[in-house]
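Residue numbers (our numbering): 277 to 577.
What follows is the structure in structure tokens.
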């Protein structure tokens, strides 16, 4: 549908130039709009984004409800709302056809976390007699001590390390950069890996500045980091289902449990909205009770 193509093209430019979103994020937004376009084509409905109404959107939502879960439906509806709000903003429409469309209720999944003992156990299970051992220890220490996403970890560069100042520069979603504090012990493990392993590798062209390298001298993939962590979990007989993101969740939870400010955690995690960070407010009730009894003036009598 050529009518849709021109509006989608404008929308993509808006997401890139005005909102500064990454190519991957833009592709996800457009993918959900294309689901609607495909549905209209399959049902022989030649209707433009300017003319489509609530009934047609509702029929589309009903059609996909049997094919995708509530969480995916929520994402698709949110993506379509963003697109039609853009059309209103540009003056192509006066109202959105999704105004009365309800988003399915999705229970917020609380992130899995590891205890400090479990994290120590995973790191201690690394075989340091192998060349990749020093690298893996440095990677896991960095994941946990800086709360990085796996994509941010594998993208870290030597030029991102500002150890004298005690920070690393992290490039997050939408190519947004932030500075995250890094502790002395993690710095020590990174330097040890650099001096004992990385500095002696033959490095492929284009990866001279990449911090964590594979045995062939090029960058690691997300899948490789997942595999390393899964194998360590099996090694220590850890029953939890974990991933690199579990270290990030644990970073935030442990900071919060020890009294860190939610706004500070938001900045370190690189969350655009504080509501995203608030998922970590799932601290167990025992911890909250301890805080109340320790600090509330009525409990000190």
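The beta carbon of each residue, even a glycine, is placed where N, CA and C say it ideally should be.
- Item | Beta-bridge partners of residue 457, as assigned by DSSP | Looking at the DSSP assignment, residue 457 forms a beta bridge with 443.
- Report yes if the CB atom of residue 544 is closer than 8 Å to the CB atom of residue 456, and no otherwise. With a cutoff of 8 Å on beta-carbon distance, residue 544 and residue 456 are scored as near each other.
- Message: Assuming residue 523 and residue 420 are in contact, meaning their beta carbons sit under 8 Å apart, how far apart are those beta carbons, in whole angstroms?
- Response: Yes, residue 523 and residue 420 are in contact; Cβ-Cβ is about 5 Å, under 8 Å.
- Query: Among all the DSSP beta bridges, which residues are the ones paired with residue 486?
  - Reply: DSSP output for residue 486 lists 433 as bridge partner(s).
- Item | Inter-residue CB distance, residue 376 and residue 330 (contact presumed, cutoff 8 Å) | Rounded, the Cβ-Cβ distance is 6 Å, consistent with contact.
- Task: Please report the residue range of the alpha helix (DSSP H) in which residue 400 lies.
- Result: Judged by DSSP secondary structure, residue 400 falls within the alpha helix (DSSP H) whose first and last residues are 392-400.
- Task: Have a look at 440, 447, 478, 281 and flag the residue whose alpha-carbon is nearest the alpha-carbon of residue 464.
- Result: Of the residues 440, 447, 478, 281, the one whose Cα lies closest to the Cα of residue 464 is 440.
- Quick one: give me the first and last residue of the alpha helix (DSSP H) that residue 510 is part of. That run of the alpha helix (DSSP H) goes 498-511.
- Query: Among 458, 492, 459, which residue has its Cα nearest to the Cα of residue 473?
  - Reply: For residue 473, the nearest C-alpha among the options comes from 492.
- Helix, strand or coil at residue 355 [DSSP, three-state]: Reduced to three states, the DSSP call for residue 355 is helix.
- Report the residue from 494, 467, 468 whose alpha carbon sits nearest the alpha carbon of residue 479. Answer by Cα proximity: 494.
- Message: Quick check on DSSP: helix, strand or coil for residue 423?
- Response: Look at residue 423 here: in three-state DSSP terms it is coil, with no helix or strand label.
- Item | For residue 448, three-class secondary structure by DSSP | In the displayed model, residue 448 falls within coil according to three-state DSSP, outside both helix and strand.
- DSSP on residue 591, reduced to helix/strand/coil? Since the first and last residues shown for the chain are 277 and 577, residue 591 lies out of range.
- Can you give me the Cβ contacts of residue 306 inside the same chain, cut-off strictly under 7 Å, excluding the 5 residues immediately before and after it? Excluding the 5 residues flanking it on each side, residue 306 has same chain C-beta neighbours closer than 7 Å at 284, 288, in chain order.
- Message: Give me, in chain order, the residues of the same chain whose beta-carbon lies closer than 8 Å to that of residue 301; leave out the 5 immediate sequence neighbours on both sides.
- Response: Closer than 8 Å at Cβ, skipping near neighbours: 291, 449, 450.
- Query: Cα-Cα, which of 362, 312, 361, 320 is closest to residue 341?
  - Reply: Each of 362, 312, 361, 320 was checked against the Cα of residue 341, and the nearest Cα belongs to 312.
- Just grab the DSSP bridge partners of residue 495 for me. 489, per the DSSP bridge assignment.
- Name the residue from 488, 518, 297, 394 whose alpha carbon lies nearest to the alpha carbon of residue 437. Minimum Cα distance to residue 437 is reached at 488.
- Specify whether the segment 532-541 and the segment 396-404 touch according to this definition: at least 3 beta carbon pairs, one from each stretch, less than 8 Å apart. The segment 532-541 makes no contact with the segment 396-404; the number of CB pairs closer than 8 Å stays below 3.
- Query: Which word fits residue 365, buried or exposed, when buried means at least 16 other C-beta atoms lie within 10 angstroms of its C-beta?
  - Reply: With fewer than 16 neighbouring CB atoms inside 10 Å of its own CB, residue 365 falls in the exposed class.
- Message: Beta-carbon within less than 8 Å of residue 550's beta-carbon, same chain only, minus the 5 sequence neighbours each way: which residues are those?
- Response: Here the set comprises 538, 539, 542.
- Could you check if residue 293 is buried or exposed, using at least 16 other CB atoms within 10 Å of its CB as the buried criterion? Answer is exposed; the Cβ neighbour count stays below 16.
- Exposure label - residue 469; buried when at least 16 CB within 10 Å: Residue 469 is classed as buried because its beta carbon has at least 16 other beta carbons within 10 Å across all chains shown.
- Task: Figure out for me which residue from 396, 452, 352, 416 has the closest Cα to the Cα of residue 337.
- Result: Ranked by Cα distance from residue 337, the options 396, 452, 352, 416 are led by 352.
- Item | residue 304 to residue 521 span [Cα, whole Å] | Each residue's Cα considered, the two are about 20 Å apart.
- Message: With a threshold of 7 Å on Cβ separation, who are the neighbours of residue 357 within its own chain once the five nearest residues in sequence on each side are excluded?
- Response: Scanning its chain for C-beta atoms nearer than 7 Å, with the 5 sequence neighbours on each side dropped, one finds around residue 357 the residues 372, 374, in chain order.
- Item | Alpha-carbon spacing of residue 515 relative to residue 412, whole angstroms | A direct Cα-to-Cα measurement between residue 515 and residue 412 gives close to 21 Å.
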